[in-house]
Amino acid sequence: MEIFRSHVLVCGGTGCTSSGSVKLVDRLNDQLGELGLDKEVKVIKTGCFGLCEAGPVVIVYPEGTFYSHVQTEDVDEIVSEHLLKGRVVRRLVYQDKGDHPSVGKSLSDIEFYKHQTRVALRNCGVIDPENIDEYIAFDGYRALTKALTEMTPQDVIDEVSRSGLRGRGGGGFPTGTKWKFAAASKDDKKYVVCNADEGDPGAFMDRSVLEGDPHAILEAMAICGYAIGADEGYIYVRAEYPIAVKRLNLAIEQAHEYGLLGQNILGTGFNFDLHIRLGAGAFVCGEETALMASIEGHRGEPRPRPPFPAVKGLFGKPTNINNVETYANVAQIILRGADWFRTMGTERSAGTKVFALGGKINNTGLVEVPMGTPLRTVIYDIGGGIPHGRRFKAVQTGGPSGGCIPARLLDVPIEYDSLIEIGSMMGSGGMIVMDEDNCMVDIARFFLDFTVDESCGKCTPCRIGTRRMLEILNRIVEGKGEEGDIEKLERLATTIAKTSLCGLGQTAPNPVLSTLRYFRDEYEAHIRDKRCPAHHCRSLMQYQIIDKCRGCTACARVCPVHAVSGEVRKPHAIDQDKCIKCGACYDACRFDAIIKA
Amino acid sequence: MSEHCENCEHQDKLLKLRDIIEQKRGEQGALMPVLQGAQELFGCVPMDVQKFIAQEMHVTLSEVYGVATFYSQFALEPKGKYVISVCMGTACYVKGSQAVLDKLGEVLGLKSGETSADGKFTLSATRCLGACGLAPVMTINEDVHGRLTPEAIPGILATYQEG
Ligand SMILES: Cc1cc2nc3c(=O)[nH]c(=O)nc-3n(C[C@H](O)[C@H](O)[C@H](O)COP(=O)(O)O)c2cc1C
Ligand code: FES
């Protein structure tokens, strides 16, 4: 094996790729080649580092220097200064707020990483996901070897059960129990399925695992196949994730070459093969029965359970289906043991959970924390708080099935059960922060709009009930709310939750119920006072010019409907009858003289 | 086929589609991958292509149509040269992607889901693109544009208008 004195890791996750990291890799290689350093320094494109806000991110080892916001123009300086002369380029080094420019700030010194424990993401941003040797060098496929050669299928199931691992796809069902059911079903053909449909709008944990550590999923699925007695598996991935699909295909090919997939794996007589299927843009296909219908080539409509997939699943055969992140924990549990896994997290929620932190927060990105960590730690210590000195209003977890959690509940520990108690849920891991400018009625409307769009139409409560709720919410944000609307919403919500066929409809009312629970006053202000407290809902707000106006005419010039009048250097005024509330004047004013009221 | 001939091109693609179907023959649940192949070849799956698939795969047209219309990825009509997808995921929404979509609609004179008369632009709203760190985000074909503001839209569009 070749030895390099330095390794340059460039993030090749979706966030950084979008901001140009591929060009960085090319430029780095060009420059290193030119200086004849290409035999000494190796450039590796890795999966997501998590701190997407700082992207594109480049880390130089062995020093561990963490460069952020690196542009192509910066590459030459990194090469000529750092890689040639060993001098850190200070102006590019990532800094926490209030830091002195310090030399070689490394991962473990950075606030964002300090509070994290990486299990599912352990290899993301560490190895080259397109190279099986790197995965193997980091203990890859050792768990599969251990399972196949030292453990019986029952041992594997027992270990997973004892670990307390629960499904990371949203439901939190104990994984070991699920495997036990599938193993108990007698049939000559069984399947293992990986749910990589990641439908929560605002979540990309599964994507990052697939892009950053695809072999971990293959290994876990093979282990599961061994445990339940299956020889074939499917990974169902969103078509919107091209990089993930490419790396999975590559990983499967490499695993075949190494005899880690296919016939007679590691000479043990165990056979296991994997296929990839692409989704086609239907949220409901994340639901397990709909997902299997889709793999079978049908419309992705859910069906009632029981029978559960463990009894009658894909192509009518017993099937185990787990989420990507659930699988990402399996190899570590087999290798390091259930007791080790239980040291992280809480009694009823063992291990860690990955969250996609987004919205009004300084450090957007992926974070992995032990279960039981308070929301406050995630949002303030890791997330760095709310930008522009705005006030925190709520954090949304659980996506379209979840709810909004207000400031006074920020010390609640993140666990499956505690989140359900406060009217939200863990969900797949989207965590969206909202500040005082976000209207909670509008957020509820946003999620209902999503559900109405994505309802598959098979059952009436979900198809028609959610539409009626959306109509009411639309009226409220347009200032046409009526007394009794809140009660109507609550009645509909309860009925839909009770009578829908699948989880989509059963949980669809949650965003409305939770905002009603914690932000009822905002609903009332919209309905009774025709006022949006966050000044967000267009129909309910006015732009007004206050006495700071210098008469620069900037607003009058940008107004598309000529609603602004006034003489030069004299205060202007807005004709509210003409105003279409486009906000152009607000953005154009340089004197803060236009306010939303 | 030295001369440009739309019909020949279409026939050519149908032959390629037949190859895809041949490859997948015998595979369980092959209809989705076949439709995905067709969508890639033709840019959409119009009725005659659906009929062709039904015939070749020995399934009813209603089944093909049922699947093709269930999933939002399959378009029955061709899309514009540039497909603009504005992310309406939660992270982008709370950071103002609605205003970006509105601005695009205003400048292009299109509603979400529509294609311009000259076939140049299709405007669409999409779910999380997984680049939430850059919110609000849109893609124009393969290009990703992040940290958008409504004001930036005309400038970005101008770079595609020429091409
Ligand atoms: C409407 C709906 C959408 C879902 N979307 C997803 C998804 O995108 N990803 C996922 O892993 N699970 C999703 N689930 C949960 C799955 O049905 C299933 O519980 C999960 O894949 C089981 O894996 P786990 O036990 O490892 O969590 C969804 C459920 C519902 C009702
Ligand atoms: S919500 Fe827009 S990229 Fe994730």
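Going down the list, the protein sequences come from chains A and B. Okay, so the first sequence: first residue is 1 according to the numbering used here, each after it adds one. Okay, so the second sequence: first residue is 598 according to the numbering used here, each after it adds one. Think of the CB as a built atom: it goes at the ideal place given N, C-alpha and C, for glycine as much as any other residue. This one's a predicted model, so the numbers in the text were calculated from it and none came from an experiment.
Query, Result
"Please check the pair residue 359 of chain A and residue 433 of chain A, which I expect to be a contact at CB under 8 angstroms, by giving their CB distance rounded to whole angstroms.", "4 angstroms"
"Quick one: residues in its chain with C-beta nearer than 7 angstroms to the C-beta of residue 635 of chain B, no 5 flanking neighbours on either side, listed in chain order?", "614, 642, 646, 650"
"Mind listing the chain A neighbours of residue 687 of chain B? Cutoff is C-beta to C-beta under 9 angstroms, in chain order.", "200, 201, 202, 203, 358, 359, 396, 399, 400, 430, 432, 443, 446, 447, 450"
"Shorter than 7 angstroms, the distance from the beta carbon of residue 684 of chain B to the closest heavy atom of ligand 2, or not?", "yes"
"How long is the line joining the alpha carbons of residue 72 of chain A and residue 51 of chain A, rounded to whole angstroms?", "19 angstroms"
"At a Cβ cut of 7 angstroms, what residues of the segment 281-296 of chain A count as close to chain B, listed as they run along the chain?", "281, 282, 294, 295, 296"
"Using only the heavy atoms of ligand 1, determine whether one of them is closer than 7 angstroms to the beta carbon of residue 301 of chain A.", "no"
"So which residues on chain B does residue 53 of chain A lean against when the C-beta distance must stay under 7 angstroms?", "730"
"Where are the alpha helix (DSSP H) runs, 4 residues long or more, that stay fully inside the segment 175-252 of chain A, in chain order?", "175-184, 205-212, 214-228"
"Comparing the C-beta of residue 355 of chain A with each C-beta of chain B, is any distance below 8 angstroms?", "no"
"For chain A, find out if any of its Cβ atoms is closer than 8 angstroms to the Cβ of residue 667 of chain B; answer yes or no.", "yes"
"How should residue 751 of chain B be labelled, buried or exposed, when 16 other C-beta atoms within 10 angstroms of its C-beta is the threshold for buried?", "exposed"
"Count the other C-beta atoms from every protein chain shown that fall within 10 angstroms of the C-beta of residue 213 of chain A, then say buried if there are 16 or more, exposed otherwise.", "buried"
"Suppose the cutoff is 7 angstroms on Cβ atoms and the five residues either side in sequence are ignored; what does the same chain contact list for residue 595 of chain A look like?", "544, 546"
"Name the residue from B:682, B:631, B:687, B:680 whose alpha carbon lies nearest to the alpha carbon of residue 662 of chain B.", "B:631"
"Would you mind telling me which residues of chain A sit closer than 9 angstroms to residue 735 of chain B, beta carbon to beta carbon, in chain order?", "Within 9 angstroms Cβ-Cβ: nothing; residue 735 of chain B doesn't reach chain A, min ~11 angstroms."
"What first and last residue would you give for the beta strand (DSSP E) that runs through residue 518 of chain A?", "Residue 518 of chain A -> not in any beta strand (DSSP E); alpha helix (DSSP H) instead, spanning 510-518."
"Considering only C-alpha positions, which residue in the set A:324, A:158, A:26 is nearest to residue 236 of chain A?", "A:324"
"Chain B beta carbons: is any one of them nearer than 8 angstroms to that of residue 418 of chain A?", "no"
"Would you give the residue range spanned by the beta strand (DSSP E) that residue 145 of chain A belongs to?", "From DSSP, residue 145 of chain A is part of no beta strand (DSSP E) but of the alpha helix (DSSP H) over 142-150."
"For residue 665 of chain B, which three-state DSSP category applies?", "helix"
"Near residue 265 of chain A, what residues of its chain come up, given a Cβ to Cβ distance below 8 angstroms and the 5 sequence neighbours on each side ignored?", "144, 148, 222, 259, 271, 272"
"Cβ of residue 720 of chain B less than 8 angstroms from any chain A Cβ?", "no"
"Give the range of the alpha helix (DSSP H) segment to which residue 604 of chain B is assigned.", "603-621"
"I'd like to confirm something about residue 687 of chain B: is its beta-carbon nearer than 7 angstroms to some heavy atom of ligand 2, or not?", "yes"
"Could you tell me whether the Cβ of residue 671 of chain B comes closer than 8 angstroms to any Cβ of chain A?", "yes"
"In chain order, what residues of the same chain have a beta carbon less than 6 angstroms from the beta carbon of residue 480 of chain A, not counting five sequence neighbours either side?", "none"
"I need the straight-line Cα distance from residue 33 of chain A to residue 14 of chain A, nearest angstrom please.", "27 angstroms"
"To the nearest angstrom, how far is it from the Cα of residue 79 of chain A to the Cα of residue 129 of chain A?", "24 angstroms"
"Out of A:218, A:35, A:57, A:167, state which residue places its alpha-carbon closest to the alpha-carbon of residue 136 of chain A.", "A:218"
"Let me know if residue 340 of chain A comes out buried or exposed under the rule of 16 or more other beta-carbons within 10 Å of its beta-carbon.", "exposed"
"Bridge partners of residue 320 of chain A, per DSSP?", "A:192"
"How would you label residue 183 of chain A, buried or exposed, when you count the other beta carbons within 10 angstroms and need 16 or more for buried?", "buried"
"Under 7 angstroms: does the beta carbon of residue 429 of chain A sit that close to some heavy atom of ligand 2?", "no"
"For residue 429 of chain A versus residue 355 of chain A, is the C-beta distance shorter than 8 angstroms?", "yes"
"Is it buried or exposed, residue 487 of chain A, if we count other Cβ atoms within 10 angstroms and call 16 or more buried?", "exposed"
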